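A.B. asks: My questions all concern the structure below.
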Amino acid sequence: MLASRRLGKELKNLKENPLTGIDVVESDGFETWSIDIQVLDTDHPIYGRGQKYRLRFRFSPEYPIKAPIVVFERTPAREVPIHPHIYSNGHICLDLLGSGWSPVQSVSTIAISLQSMLAGNTRRQRPPDDSDYSSKAPSNPQKTQFYYHEDV
176 MLASRRLGKE LKNLKENPLT GIDVVESDGF ETWSIDIQVL DTDHPIYGRG QKYRLRFRFS
236 PEYPIKAPIV VFERTPAREV PIHPHIYSNG HICLDLLGSG WSPVQSVSTI AISLQSMLAG
296 NTRRQRPPDD SDYSSKAPSN PQKTQFYYHE DV
């Protein structure tokens with residue numbers, strides 16, 4: 176009940192106050208949403224050609240106490256962005272989506288954070304363990320203990 180009430184408010188806010196470069200594509204019910212994000216800098220060397228990327232949000236009944244499961248989704252029209260913290264299977268290595276989650280976060284703040292993460296990237300590369308991780312990872316990235324490579 177808390178999740179559906181909160182998600183209803185978030186969806187209403189996203190529709191009434193759309194965010195630049197962030198579009199709700201599908202929000203049937205309160206279990207799964209699809210959102211497209213786009214880097215706003217049209218001159219960005221990696222993401223600046225009008226490319227859009229699809230995020231899939233899956234919500235549990237414990238949302239917002241528990242973080243949603245968020246992955247980049249490959250579709251016929253959307254690729255998984257190349258980024259040092261985004262695996263080729265769409266999993267995102269971002270503290271905000273795991274142990275750094277707080278109920279004050281929202282779908283909007285996650286989408287803005289990921290949009291900003293892409294905008295700040297200058298390296299066209301995957302995480303160093305992408306091949307191994309992507310072939311063995313569980314479908315739920317929250318069941319993964321991510322290794323933050325730059326923290327070494």
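Per our numbering, residue 176 is the first one in the sequence shown, and the count goes up by one each step. The C-beta atom is built at its ideal place from N, Cα and C for all residues, glycine as well. Computed from a predicted structure; not experimentally measured.
1. Run the CB neighbour count on Glu237, radius 10 Å, all protein chains shown included, and call it buried at 16 or more, exposed below.
2. For Pro193, which residues of its own chain have a beta-carbon under 6 Å away from its beta-carbon, when the five flanking residues on both sides are left out?
3. Are at least three pairs of beta-carbons, each pair with one atom in the stretch 226-240 and one in the stretch 190-210, less than 8 Å apart?
4. Using C-beta distances below 7 Å, list every residue in its chain close to Ser179, excluding the 5 sequence neighbours before and after it, in chain order.
5. To which residues of the same chain is Pro313 closer than 7 Å at the C-beta, ignoring the five residues directly before and after it?
6. Let me know the secondary structure DSSP gives Val200 once reduced to three states.
7. Could you pull the start and end residues of the alpha helix (DSSP H) that Thr284 belongs to?
8. By how many angstroms is the C-alpha of Ser281 removed from the C-alpha of Leu186?
9. What residues in its chain sit with their C-beta under 8 Å from that of Ile261, if we drop five residues either side in the sequence?
10. Label Gly265 either buried or exposed according to how many other C-beta atoms from any shown protein chain fall within 10 Å of its C-beta, with 16 as the threshold for buried.
11. With a threshold of 9 Å between beta carbons, is Leu186 in contact with chain D?
C.D. replies: In this structure, then:
1. Here the question's residue 237 lines up with position 62 in the sequence shown. Result: exposed.
2. Working through the sequence shown from its first residue, we reach residue 193 at position 18. Excluding sequence neighbours, Pro193 sits near nothing in its chain.
3. Three or more beta-carbon pairs drawn from the stretch 226-240 and the stretch 190-210 are found closer than 8 Å, and the two stretches are therefore classed as touching.
4. Indexing the sequence shown from 1 puts residue 179 at position 4. Closer than 7 Å at the Cβ level, and outside the excluded window around Ser179, lie Phe205.
5. For the purposes of this step, residue 313 is taken as the residue at position 138 of the sequence shown. Cβ neighbours of Pro313 within its own chain (closer than 7 Å, five residues either side excluded): Thr319.
6. Numbered from 1 along the sequence shown, position 25 holds the residue referred to as residue 200. Val200 falls in the strand class under three-state DSSP.
7. Taking the sequence shown and counting its residues from 1, the one referred to as residue 284 is at position 109. Here the alpha helix (DSSP H) through Thr284 covers Val282 to Ala294.
8. What you label residue 186 is simply residue 11 of the sequence shown in a count that begins at 1. What you label residue 281 is simply residue 106 of the sequence shown in a count that begins at 1. The alpha-carbon atoms of Leu186 and Ser281 are separated by roughly 10 Å.
9. Indexing the sequence shown from 1 puts residue 261 at position 86. Around Ile261: Phe247, Val255, Ile267, Cys268, Arg301 and Pro302.
10. One-based indexing of the sequence shown puts residue 265 at position 90. Buried, by the Cβ-count rule.
11. As a matter of chain content, chain D is missing from the structure shown, which is built from one protein chain.
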